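Residue numbers (our numbering): 159 to 640. Note that CB positions come from ideal geometry on N, CA and C, so glycine has one too. Values in this document were obtained by computation on a predicted structure and should not be read as measured data. First the structure, in the form of structure tokens, and then the observations on it.
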RNA sequence: GGCCCUAUCGUCUAAUGGUUAGGACGGAAGCUUCUCAAGCUUCAAAUCCGGGUUCGAUUCCCGGUAGGGCCA
């Protein structure tokens, strides 16, 4: 394969959603595999709907995922600018060329007229294409209408023929352009419409491979026809299957976050997102499921991309995320968790934090889970006295064991208050009270204020002697009141 | 409405013209000194339908059906 140049070309009319992120990923790993260049181009031709905040979100999201580009709006490159709104002179040049060569024409048909035609054609069961009314206006007619300030658009003269292309994922695809008709390419000389701007930019930016969503398949024949008219080379196309919502339709808000940054906020790790997205539509052909981005760069192949759409399944994402959390070093995980405690107003130190993280590491699926699952270390919550009683036990026994534990713990020196020294005590009490449940359960609930938690001694050590005794006393008081 | 794409457990997917149709997530059960989590073991769960081609089709072909996409 020669030089590979790819691009991700999002419109800043919305946040970076999972589909665009996944397309970016496939472009990125494909490009890296062939040591090519990856370009970010902002397609902001729709000025009304484009917003800088969306562009920022897109850039932030891609960077967070680690999908760095070699050329783009904020870093420049040989083919700058990389924002379509700044490239009007380029589009104007090619629009004029098509007009001069009689490959495009002014169309003065009104919106109402066009819609009426469409409706007619559809009701007759025909393809809703443009009639070609303005195709052969004379120079005089055009000049007259232009002078008369008539509203117009510029249409491309679609050659009536079949267009074939070889999709890297789907194989040979054939389209009859008779069924497409003369489509609009520009609102004005310098104001291009989607298909035209894409073709011009991909040529100007020397893109070689277009890897994009399946939703662009039917745009491809239009773009190829434009390439032919402009004497541009035909590029390699690869159309990725779509990411679907729970009901197999397009992803909507209730199927997941609107922005990739939302996943970051929810505590997903970028490496998990990458891994998950890669598996949505691609597989290595082996049972291996965990891939770093570097491994993907090596093992990725277009041949193994799926043809059918994939439903976005957050549980799978969570399980992959949990995997990466388990593999993470304590230091790194602590760094990621610390802000959640800080935000909640809990003061901690490195040592305590690491102990907590070590204990909870295998219990969280997302970083954000840490606060909910570990806040009891900082402040006990109120709980029902009844939950102190083990299901196979009763109030009297719970009270007796807690009192016993309290008495024995009190005798341990402050600086010896750790698992190692506490365990023998619990072993003796377990024997004395006929079963681990009789001792572990009430103590654990007393320390954690909840029915499910890590084991009691691990908690006690982190809490320290003073806090442990305090919580046991509270539990005893609670039991006495029922 | 036209055109295009797609079809394997609930989900993501593997496989091959001949397999007990494999794995993962999720689910169920069990084991692991109380609970949770993790880990391990086990179980349930799929080739859309109908025709061909073939000794044999989940796989190749055709037609349906369903879903999706684009055309505004």
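- In this model, residue 325 and residue 612 are separated by some 53 Å (Cα to Cα).
- Between residue 430 and residue 498, the C-beta gap is not smaller than 9 Å, which leaves the two residues out of contact.
- Within its own chain, the residues whose Cβ lies closer than 7 Å to the Cβ of residue 276, once the five positions on either side in sequence are excluded, are 286, listed in chain order.
- By the criterion of at least three beta-carbon pairs nearer than 8 Å, the stretch 307 to 325 is in contact with the stretch 257 to 270.
- Secondary structure at residue 535: helix, using DSSP grouped into helix, strand and coil.
- Counting every other CB atom within 10 Å of its CB across the protein chains shown gives residue 177 a total of 16 or more, marking it as buried.
- DSSP places residue 256 within a helical segment (H, G or I) once states are collapsed to three.
- In this structure, residue 354 keeps its C-beta atom at 9 Å or more from the C-beta atom of residue 506.
- Three or more Cβ pairs drawn from the stretch 570 to 577 and the stretch 616 to 626 lie within less than 8 Å of each other, which places the two stretches in contact.
- For residue 598, the enclosing alpha helix (DSSP H) has its first and last residue at 594 to 606.
- Residue state for residue 228 is assigned as coil, using DSSP reduced to three classes.
- Taking the Cβ atoms as the reference, residue 523 lies roughly 4 Å from residue 476, within the contact range of under 8 Å.
- Comparing alpha carbon positions, the residue from 387, 392, 471 closest to residue 366 is 392.
- Residue 436 places its beta carbon less than 9 Å from that of residue 187.
- Residue range 195 to 198 is occupied by the beta strand (DSSP E) that includes residue 196.
- Annotated three-state conformation of residue 402 is strand, per DSSP.
- With the rule of 3 Cβ pairs closer than 8 Å, the stretch 181 to 196 counts as touching the stretch 357 to 376.
- Taking all protein chains shown into account, residue 322 has fewer than 16 neighbouring C-beta atoms within 10 Å of its C-beta and is therefore exposed.
- Judged by DSSP secondary structure, residue 264 falls within the beta strand (DSSP E) whose first and last residues are 262 to 265.
- Around the C-beta of residue 170, 16 or more other C-beta atoms lie within 10 Å, and the residue is accordingly described as buried.
- In the DSSP assignment, the residues bridged to residue 395 are 325, 368.
- Note that the stretch 459 to 466 touches the stretch 384 to 402; at least 3 beta-carbon pairs, one per stretch, sit closer than 8 Å.
- The bridge partners DSSP lists for residue 311 are 265.
- The beta-bridge partner set that DSSP reports for residue 342 consists of 313.
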